[in-house]
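Residue numbers (this note's numbering): 121 to 402.
From the three backbone atoms N, C-alpha and C, an ideal C-beta is built for every residue, glycine too.
What follows is a short report on a single structure.
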Amino acid sequence: MPVVFRFFSVFPLWLLHVMGAAMGWVVFAVSPVYRKRLVENARRAGYRFGEVRAAVGHAGRMVAELPRLWLGAPLPSRMTGEACVEQAYAAGRGIVFLTPHQGCFELSAQVAARRWSAARGPITVLYRPARQAWLASVMETARNRPGMLAVPTTLSGVRQMIKALRRGEAVGLLPDQVPPDGQGVWSPFFGRDAYTMTLAVRLAQQTGAAVVLARCERLPWGRGFVTHFEPLPVPLDERLESAVLQINQAMEHLIRQCPQQYLWGYARYKQPRAEAAAGVTE
């Protein structure tokens with residue numbers, strides 16, 4: 121399977137996106153569970169299927185571009201709103217980058233690393249290792265690239281993120297990912313309670329890091345990507361539940377800027393699975 125990944129990593133982006141869009145619609149057609157969840161999640165946020173139907177193809181594009189993203193040449197990209205990142209670094213603060221499952225969310229960390237890691241240190245990103253040994257190996261190799269350090273969702277990984285923030289470096293998370301039981305709280309997300317991680321809030325509160333919102337928008341016809349940065353509108357509340365709600369509202373804000381590229385088929389409202397907790401105590 122790694123050979124297949126390397127084979128597709130040299131394909132032009134436009135061709136990967138064409139194949140990915142077709143794959144996305146095939147999955148949508150043959151999986152009634154996925155289809156129902158996508159439509160219901162979008163409706164809960166106030167969108168008719170016709171308004172977000174492009175999300176079906178974009179979900180496939182996200183998968184198809186992974187070989188190029190992980191193993192191929194750098195993808196064409198530009199950024200907007202980078203002034204808020206510069207200001208946080210200039211103030212000597214660490215940065216917690218938060219991005220939803222939208223567009224090419226993995227590229228946002230690569231873009232930030234290429235821009236700032238040489239002068240400001242690497243960006244530490246949290247990831248959940250794949251269960252398949254071959255995929256876990258590919259992911260570890262791909263995500264540990266120049267300017268980026270990938271750490272697993274374990275207590276050791278969380279400690280590395282805390283240390284990075286205290287050194288004035290940056291970390292990256294996807295706060296709309298459902299955490300294991302004991303690592304989150306129930307908080308409204310598009311009008312329905314969703315089990316939401318507390319890690320992002322705890323990292324920022326315990327280290328004094330700035331919170332920067334990021335979303336990576338996929339341009340049409342394989343022309344590349346645009347990563348948008350913006351600051352959190354108001355400082356995080358000192359109360360954990362209120363701060364988690366702020367993060368959820370911030371993710372809603374980003375998603376509404378380009379709902380056609382959000383993964384509406386993600387099981388955002390599922391029950392958390394049981395797993396050893398990775399608490400933040402340092």
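- Taking the Cα of M317 as reference, the smallest distance to any Cα among R234, L360, A193 and R279 is reached at L360.
- Sequence-distant partners of R155 (beyond 5 residues in either direction) whose C-beta falls short of 6 Å from its own C-beta, in its chain, are F148.
- Per DSSP, the unbroken beta strand (DSSP E) holding T244 starts and ends at I243 to Y247.
- A buried status is given to G177, since no fewer than 16 other beta-carbon atoms sit within 10 Å of its beta-carbon.
- Apart from the 5 residues on each side of it in sequence, P132 sits with its Cβ closer than 8 Å to the Cβ of G342 in its chain, given in chain order.
- Under the DSSP assignment, S228 falls outside any beta strand (DSSP E), being part of the alpha helix (DSSP H) whose first and last residues are F225 to R240.
- Boundaries of the beta strand (DSSP E) harbouring R338: A330 to R338, taken from the DSSP string.
- Leaving aside the five residues that flank Q381 on each side, the residues in its chain whose CB is nearer than 7 Å to its CB run, in chain order, A175, H178, Q222, G223, E337 and R338.
- Contact between V346 and M182 does not hold, since their C-beta atoms are separated by about 16 Å, which reaches or exceeds 8 Å.
- Judged by DSSP secondary structure, P152 falls outside any beta strand (DSSP E) and instead within the alpha helix (DSSP H) spanning P152 to R164.
- P392 carries a coil assignment under DSSP once its states are collapsed to helix, strand and coil.
- The alpha helix (DSSP H) runs of length 4 or more contained entirely in the stretch 262-304 are, from start to end of the chain, 275-286.
- Collapsing the DSSP output to three states places L218 in a strand.
- A contact is defined here as three or more CB-CB pairs under 8 Å, and the stretch 301-314 fails this definition with respect to the stretch 323-338.
- Beyond the five residues adjoining it in sequence on each side, G144 comes within less than 6 Å, by CB distance, of V176, G177, A179 and G180 in the same chain, given in chain order.
- Linking L294 to F127 through their CA atoms gives a straight-line distance of about 29 Å.
- P308 is positioned such that its CB atom lies closer than 8 Å to that of N368.
- Setting aside the 5 residues that flank it on each side, V364 is surrounded in the same chain by V305, S307, T316, T318 and V321, each with a C-beta closer than 7 Å to its C-beta; the list follows chain order.
- CA-to-CA, the gap between Y209 and R235 works out to about 12 Å.
- Its chain contains A162, A165, Y167, E171, V172 and A175 as the residues whose beta carbon lies nearer than 8 Å to that of P379, once the 5 sequence neighbours on both sides are disregarded; these appear in chain order.
- Only residues of its own chain outside the window of five on either side were considered, and among them G201, C204 and L333 have a CB closer than 7 Å to the CB of E350, listed in chain order.
- Secondary structure of V124 (DSSP, three-state): helix.
- With fewer than 16 neighbouring CB atoms inside 10 Å of its own CB, E358 falls in the exposed class.
- In this structure, DSSP gives A193 a state outside helix and strand, which the three-state scheme calls coil.
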